[in-house]
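Numbering (the working numbering), first residue to last: 11 to 542. Positions of the beta carbon are idealized from the N, C-alpha and C atoms, including for glycine.
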């Protein structure tokens with residue numbers, strides 16, 4: 011059973027390297043997130059680095075919060091199942107009142123007397139002294155008198171019972187299965203954390219990309235405005251026809267939609283990141299962006315052979331560990347299914363206190379000890395157990411098949427991420443050279459036009475080529491960083507867990523410990539080692 015109090019309280023240390031993330035204590039992330047609430051610019055927009063965005067997501071992302079609650083739920087199930095093997099102490103008490111007239115048949119005497127007419131009294135029962143004097147009889151009458159024998163109208167009893175299950179074929183498998191389910195929920199939390207970190211990184215880089223694309227489009231617009239002004243001056247001087255002015259105006263207007271789209275994409279990316287890290291809408295900010303991101307898109311090479319990456323993924327992925335835990339759960343369910351053909355034995359003992367029914371004094375009490383053994387064994391249950399065993403075996407086979415498919419899914423994800431990284435790397439280097447060449451081509455075209463050796467169309471084409479090259483280079487750089495985040499998630503190199511066994515309740519439970527694995531955090535946001 012996992013020592014979940016450490017995880018749920020977030021006291022473990024996290025190392026966030028590479029992506030501008032430093033060592034963090036999870037127990038401090040809540041206060042850090044609260045500090046972020048107070049940190050705002052004059053416009054009321056909060057500023058986030060990648061580290062701060064991840065810290066905030068730890069505390070507010072609904073997927074992580076739900077995964078933590080799932081751990082608490084499975085913890086409760088584990089305690090509930092364990093309770094079946096522990097002794098139970100019960101106390102029962104009762105107090106009753108009985109109408110005295112109900113005691114006529116067995117709780118007293120009836121005396122019948124006759125007087126007058128020479129009759130002889132005939133008693134129906136031996137008279138018993140009573141606290142109530144018998145009424146006098148007049149001659150010639152018959153009188154019946156009920157006398158109580160001392161039975162109390164009130165009765166009470168109190169029982170303290172200690173019961174213990176001695177043997178039941180389903181209890182031990184249920185306890186083990188609940189422990190495996192608790193482990194599965196912990197691995198699910200780890201997998202959720204990995205996915206959220208990758209999502210935050212990707213969306214953070216998307217914000218940085220869109221902001222950079224705005225700069226590219228603004229630079230292109232400024233160059234086109236400068237070109238238009240130059241052509242207007244030349245037209246007024248009579249050196250160029252009006253066609254050149256119209257051509258420059260059309261080029262400038264055609265560039266405006268790209269700038270407008272880039273600004274809108276930037277706003278949308280900010281809103282999406284705010285939703286992922288769990289920021290609520292603040293009416294006071296109006297239409298201002300919910301956050302500002304501080305960072306750059308850098309290229310950080312990641313050299314790792316594909317076979318090694320696949321082995322790392324198979325070894326570390328919490329997703330696969332969760333699937334293996336599910337196999338253990340189904341295996342214990344199969345063992346518990348055989349309980350229907352096994353005996354069920356329990357014992358109980360205790361002490362009873364009861365009122366004395368023959369006494370009218372409530373203080374007269376009868377007390378004593380009792381002990382009992384209860385057992386049952388289904389000789390024939392109409393093949394009910396056989397049906398349950400068949401279902402459990404099928405579920406176990408399904409869990410194994412699901413695990414095998416999960417392994418292949420992990421292999422696929424790693425190979426896709428690896429291939430995407432190769433593509434992004436090639437695009438980045440090719441476009442980096444292309445940007446330099448496009449900038450030089452624009453300079454030469456502008457110079458030739460300035461001395462009258464070139465035409466305006468060459469300048470406009472060169473400007474379009476430069477804008478396209480810059481945009482493609484930035485997109486390739488973003489894709490590399492985003493695919494690197496996915497590669498880290500698929501290989502589970504973004505988060506590293508260290509487990510140790512020490513649980514006082516189960517005598518053998520899993521406690522998660524954390525240590526720093528990368529003493530030199532990389533300065534670039536393109537690479538991150540996160541130890542938790």
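Whose CA, out of the options, lies closest to the CA of residue i?
| i | options | result |
| --- | --- | --- |
| residue 208 | 190, 283 and 186 | 283 |
| residue 421 | 165, 261 and 320 | 320 |
| residue 168 | 203, 228 and 105 | 105 |
| residue 262 | 388, 278, 471 and 358 | 471 |
| residue 368 | 75, 99, 72 and 164 | 164 |
| residue 312 | 503, 64, 196 and 59 | 503 |
| residue 388 | 298, 178 and 458 | 178 |
| residue 289 | 59, 61 and 67 | 67 |
| residue 253 | 465, 425 and 409 | 465 |
| residue 329 | 75, 59 and 197 | 197 |
| residue 92 | 257, 192 and 112 | 192 |
| residue 412 | 79, 337, 218 and 90 | 337 |
| residue 60 | 428, 304 and 335 | 304 |
| residue 170 | 444, 359, 441 and 393 | 359 |
| residue 281 | 297, 267 and 270 | 297 |
| residue 543 | 237, 437, 419 and 183 | One cannot answer for residue 543 here, as it falls past the ends of the chain, which runs 11 to 542. |
| residue 75 | 339, 199 and 242 | 199 |
| residue 427 | 316, 166 and 242 | 316 |
| residue 361 | 244, 166 and 378 | 378 |
| residue 373 | 166, 335, 292 and 73 | 166 |
| residue 408 | 450, 334 and 235 | 334 |
For residue i, collect the residues of the same chain with a Cβ closer than 8 angstroms to its Cβ; drop the 5 residues on either side in sequence, then sort them by chain order.
| i | result |
| --- | --- |
| residue 391 | 350 and 351 |
| residue 97 | 172, 173 and 174 |
| residue 375 | 363, 364, 365 and 366 |
| residue 216 | 279, 282, 283, 488 and 492 |
Apart from the five residues just before and just after residue i, which ones in its own chain have a Cβ nearer than 6 angstroms to its Cβ?
| i | result |
| --- | --- |
| residue 222 | 484 |
| residue 448 | 475, 476 and 479 |
| residue 423 | 500 |
| residue 354 | 178 and 386 |
| residue 99 | 172 |
| residue 63 | 210, 214 and 287 |
| residue 498 | 504 |
| residue 419 | none |
| residue 249 | none |
| residue 102 | 169 |
Using 8 angstroms for Cβ pairs, my map puts residue i next to residue j. What's the rounded Cβ distance?
| i | j | result |
| --- | --- | --- |
| residue 309 | residue 431 | About 11 angstroms; that fails the 8 angstroms criterion. |
| residue 71 | residue 287 | 6 angstroms |
| residue 324 | residue 417 | 6 angstroms |
| residue 218 | residue 306 | 7 angstroms |
| residue 299 | residue 55 | 6 angstroms |
| residue 406 | residue 341 | 6 angstroms |
With a CB to CB cut of under 7 angstroms and the five nearest residues on each side skipped, what residues in its chain are close to residue i?
| i | result |
| --- | --- |
| residue 481 | 223 and 226 |
| residue 220 | 272, 275, 276 and 279 |
| residue 95 | 175, 181 and 185 |
| residue 398 | 347 and 350 |
| residue 242 | 255 |
| residue 267 | none |
| residue 212 | 492 and 495 |
| residue 107 | 163 and 164 |
| residue 455 | 464, 468, 469 and 472 |
Should residue i be labelled buried (16 or more other beta-carbon atoms within 10 Å of its own) or exposed?
| i | result |
| --- | --- |
| residue 346 | buried |
| residue 467 | exposed |
| residue 433 | exposed |
| residue 85 | buried |
| residue 439 | exposed |
| residue 110 | exposed |
| residue 496 | buried |
| residue 462 | exposed |
| residue 79 | exposed |
| residue 255 | buried |
| residue 112 | exposed |
| residue 132 | Low per-residue confidence applies at residue 132: pLDDT is 42, beneath 50, and the placement is therefore not dependable, though the value from the model is reported in the following sentence. Its Cβ having fewer than 16 others within 10 Å, residue 132 is exposed. |
| residue 270 | exposed |
| residue 327 | buried |
| residue 183 | buried |
| residue 257 | buried |
| residue 441 | buried |
| residue 260 | exposed |
| residue 142 | Because the pLDDT of residue 142 is 42, which lies under 50, any placement of that residue in the model is unreliable, and the number read from its coordinates should be weighed accordingly. Residue 142 comes out exposed. |
| residue 246 | exposed |
Establish whether the CB of residue i and some CB of chain C are separated by less than 9 angstroms.
| i | result |
| --- | --- |
| residue 417 | Reference to chain C is not applicable here, since this structure consists of a single protein chain. |
Using only the heavy atoms of the ligand ATP, determine whether one of them is closer than 8 angstroms to the beta carbon of residue i.
| i | result |
| --- | --- |
| residue 267 | Although the ligand ATP was asked about, the structure shown includes no ligands whatsoever. |
Contact between the segment 228–237 and the segment 177–197 (3+ Cβ pairs under 8 angstroms)
no
Using 8 angstroms as the threshold, is the segment 490–499 in touch with the segment 199–218, meaning 3 or more CB pairs across them?
yes
Three or more beta-carbon pairs under 8 angstroms between the segment 377–386 and the segment 190–204, yes or no?
no
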